[in-house]
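Student: Here it is, the structure, as structure tokens.
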Amino acid sequence: MRASYRPSAAFRKRGAISRLSDLIWPPRSLLSEQIVDRPGVIEPALWGALQFLGDPQCSRCGFPLPSDPGAFGICGACAGRKPAYDTARAALAYDDNARKLVLDLKHGGRRDGLPVFARWMGAAAREALARADLIAPTPMHWTRLATRSFNQAAWLAQALAQASGKPWKPGALARVKRRKSQAGLSASERRRNVGGAIKARGRYAGKTILVVDDVFTTGATLEACARALRKAGAAEVHAVTLARVVRPTDITL
Ligand SMILES: [Zn+2]
302 MRASYRPSAA
312 FRKRGAISRL
322 SDLIWPPRSL
332 LSEQIVDRPG
342 VIEPALWGAL
352 QFLGDPQCSR
362 CGFPLPSDPG
372 AFGICGACAG
382 RKPAYDTARA
392 ALAYDDNARK
402 LVLDLKHGGR
412 RDGLPVFARW
422 MGAAAREALA
432 RADLIAPTPM
442 HWTRLATRSF
452 NQAAWLAQAL
462 AQASGKPWKP
472 GALARVKRRK
482 SQAGLSASER
492 RRNVGGAIKA
502 RGRYAGKTIL
512 VVDDVFTTGA
522 TLEACARALR
532 KAGAAEVHAV
542 TLARVVRPTD
552 ITL
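In this note's numbering, the protein residues as written are 302 to 554.
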């Protein structure tokens with residue numbers, strides 16, 4: 302007679318606790334109050350509610366382009382001024398639905414979406430991720446960390462590291478000056494505000510680094526990270542975010 306599979310006592314206990322907690326706090330959709338069968342998913346009715354970004358896009362900053370520009374197509378902004386990072390990619394356009402995902406993570410500390418966010422970001426920045434020696438989150442100043450108790454960029458970076466098997470270093474970058482809030486500032490004001498505020502910790506000679514953040518707004522923070530990592534020897538700096546602002550009217554962080 303074939304022995305039937307029996308999970309270990311510890312596993313059975315975990316399963317029982319998980320079933321119990323599901324009864325008390327059933328998993329909810331990432332986008333609504335709908336109860337779903339497991340944490341970190343979206344109900345089928347809202348699968349089309351997120352705008353995933355992809356080709357055709359600017360080969361540098363990932364801005365969506367109206368028609369296929371070929372391998373070297375770049376947007377007007379990048380043609381006018383080359384960004385400090387090599388490439389930036391984002392999984393989602395920052396609309397009301399992406400905003401809910403970001404705010405639940407950032408202000409609600411909601412973590413159940415992290416594995417799926419990591420898959421989306423990994424797909425958006427597939428080439429950069431394959432080249433990366435190290436994943437690093439954008440830093441938060443310690444005073445802000447003290448009041449918030451977590452850095453959502455570090456959660457995203459850790460999830461991407463777990464999903465891809467790449468190493469990550471939470472302290473690779475540090476904010477040495479507490480900046481004013483970026484909300485309501487123009488691109489050049491944001492670059493000035495964040496300029497010199499970020500430093501690399503450690504040496505990264507010849508390394509390719511993938512920097513992770515929640516939202517690409519003007520790219521000023523990611524450019525400051527790229528400049529700091531290049532000063533510390535990095536050969537390439539790429540960036541990936543969960544979402545990016547595609548139209549200026551979407552900037553309401
Ligand atoms: Zn561009």
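Note that CB positions come from ideal geometry on N, CA and C, so glycine has one too.
If you follow the alpha helix (DSSP H) that V495 is part of, which residue opens it and which one closes it?
Tutor: As a position in the sequence shown, residue 495 is number 194, starting the count at 1. It spans A488 to V495 - the alpha helix (DSSP H) in which V495 sits, taken as one unbroken run.
Student: Indicate the three-state DSSP secondary structure (helix, strand or coil) for V417 in the structure shown.
Tutor: Residue mapping note: residue 417 aligns to position 116 of the sequence shown, counting from 1. V417 falls in the helix class under three-state DSSP.
Student: Given T553, which residues of its chain have a CB within under 7 Å of its CB, disregarding the five upstream and five downstream residues?
Tutor: As a first step, residue 553 must be located in the sequence shown, where it is residue number 252. Here the model assigns T553 a pLDDT of 49, short of 50, so the residue's position is not dependable, and the following value carries that caveat. Once the five neighbours on either side are set aside, T553 has no close Cβ partner at all.
Student: Could you check the C-alpha separation between I499 and A455 for me, to the nearest Å?
Tutor: Your numbering for residue 499 matches position 198 in the sequence shown. Your numbering for residue 455 matches position 154 in the sequence shown. Going by the C-alpha atoms only, they are around 15 Å apart.
Student: So if I measure from each beta-carbon to every heavy atom of ligand 1 and keep distances below 5 Å, which residues remain?
Tutor: Here the residues come out as C359, R361, C362, F364, C376 and C379.
Student: Would you grab the beta carbon distance between D515 and V403 for me? Rounded to a whole angstrom, and I think it's under 8 Å.
Tutor: Start at 1 with the first residue of the sequence shown, and residue 515 comes out as number 214. Start at 1 with the first residue of the sequence shown, and residue 403 comes out as number 102. At roughly 5 Å, the Cβ-Cβ gap stays under 8 Å, so D515 and V403 are in contact.
Student: Can you tell me whether G381 is buried or exposed, with buried defined as 16 or more other CB within 10 angstroms of its CB?
Tutor: Against the sequence shown, residue 381 aligns to sequence position 80. That one is exposed.
Student: Please classify A540 as buried or exposed, where buried requires at least 16 other C-beta atoms within 10 Å of its C-beta.
Tutor: Here residue 540 refers to the residue found at position 239 of the sequence shown. Under this definition A540 is a buried residue.
Student: In this structure, how does DSSP classify T553 when only helix, strand and coil are distinguished?
Tutor: Your numbering for residue 553 matches position 252 in the sequence shown. Here the model assigns T553 a pLDDT of 49, short of 50, so the residue's position is not dependable, and the following value carries that caveat. Looking at T553 - three-state DSSP - the assignment turns out to be coil, as it is neither helix nor strand.
Student: Taking DSSP as the reference, what is the three-state secondary structure of V477?
Tutor: Indexing the sequence shown from 1 puts residue 477 at position 176. The answer is coil: DSSP assigns V477 none of H, G, I, E or B.
Student: Can you grab the Cα-Cα spacing for the pair A437 / R528, in whole Å?
Tutor: Residue 437 sits at position 136 when you count from the first residue of the sequence shown. Residue 528 sits at position 227 when you count from the first residue of the sequence shown. A437 and R528: Cα-Cα distance of roughly 14 Å.
Student: What three-state label does DSSP hand R545 in the structure shown?
Tutor: By 1-based counting over the sequence shown, the position of residue 545 is 244. Strand at R545.
Student: Taking a contact to mean a Cβ-Cβ separation below 8 Å, would you say Q352 touches D396 in this structure?
Tutor: Position 51 of the sequence shown, counted from the start, is the residue given in the question as residue 352. Position 95 of the sequence shown, counted from the start, is the residue given in the question as residue 396. Against a cut-off of 8 Å, the Cβ pair of D396 and Q352 comes out as a contact.
Student: Which residue or residues does DSSP assign as beta-bridge partners of I510?
Tutor: For this step, residue 510 is matched to residue 209 along the sequence shown. According to DSSP, which records beta bridges pairwise, I510 is partnered with L435 and V538.
Student: If you draw a straight line from the C-alpha of E428 to the C-alpha of G503, how long is it?
Tutor: Against the sequence shown, residue 428 aligns to sequence position 127. Against the sequence shown, residue 503 aligns to sequence position 202. Going by the C-alpha atoms only, they are around 25 Å apart.
Student: When DSSP labels each residue in this structure, what does K500 get in the three-state scheme?
Tutor: Position 199 of the sequence shown, counting from 1, holds the residue named residue 500. Strand.
Student: DSSP on D387, reduced to helix/strand/coil?
Tutor: Stepping through the sequence shown from its first residue, residue 387 is reached at position 86. In this structure, D387 counts as coil in the three-state DSSP scheme.
Student: Count the other CB atoms within 10 Å of the CB of R361; is the residue buried (16 or more) or exposed (fewer)?
Tutor: Residue numbering aside, residue 361 sits at position 60 when the sequence shown is read from its first letter. Classification of R361: buried, given that the 10 Å Cβ count is 16 or more.
Student: Using the three-state DSSP reduction, which class does V403 fall into: helix, strand or coil?
Tutor: Translated into the one-based positions of the sequence shown, residue 403 becomes position 102. It is helical.
Student: Mind the definition here: the stretch 386-400 touches the stretch 518-525 only if three or more C-beta pairs lie below 8 Å; say whether that holds.
Tutor: The stretch 386-400 vs the stretch 518-525: in contact.
Student: Below 8 Å CB to CB, which residues in the same chain sit around I510 once its five sequence neighbours on both sides are set aside?
Tutor: Numbered from 1 along the sequence shown, position 209 holds the residue referred to as residue 510. Answer for I510: A433, D434, L435, I436, A437, A473, L530, A535, E537, V538 and H539, listed in chain order.
Student: Near K470, what residues of its chain come up, given a Cβ to Cβ distance below 8 Å and the 5 sequence neighbours on each side ignored?
Tutor: Counting from one through the sequence shown, the residue named residue 470 turns up at place 169. Excluding residues within five positions, the ones whose Cβ falls inside 8 Å are L435, I436, A437 and G503.
Student: Roughly how many whole angstroms lie between the Cα atoms of C376 and K383?
Tutor: Here residue 376 refers to the residue found at position 75 of the sequence shown. Here residue 383 refers to the residue found at position 82 of the sequence shown. Distance between the alpha carbons of C376 and K383 is about 10 Å.
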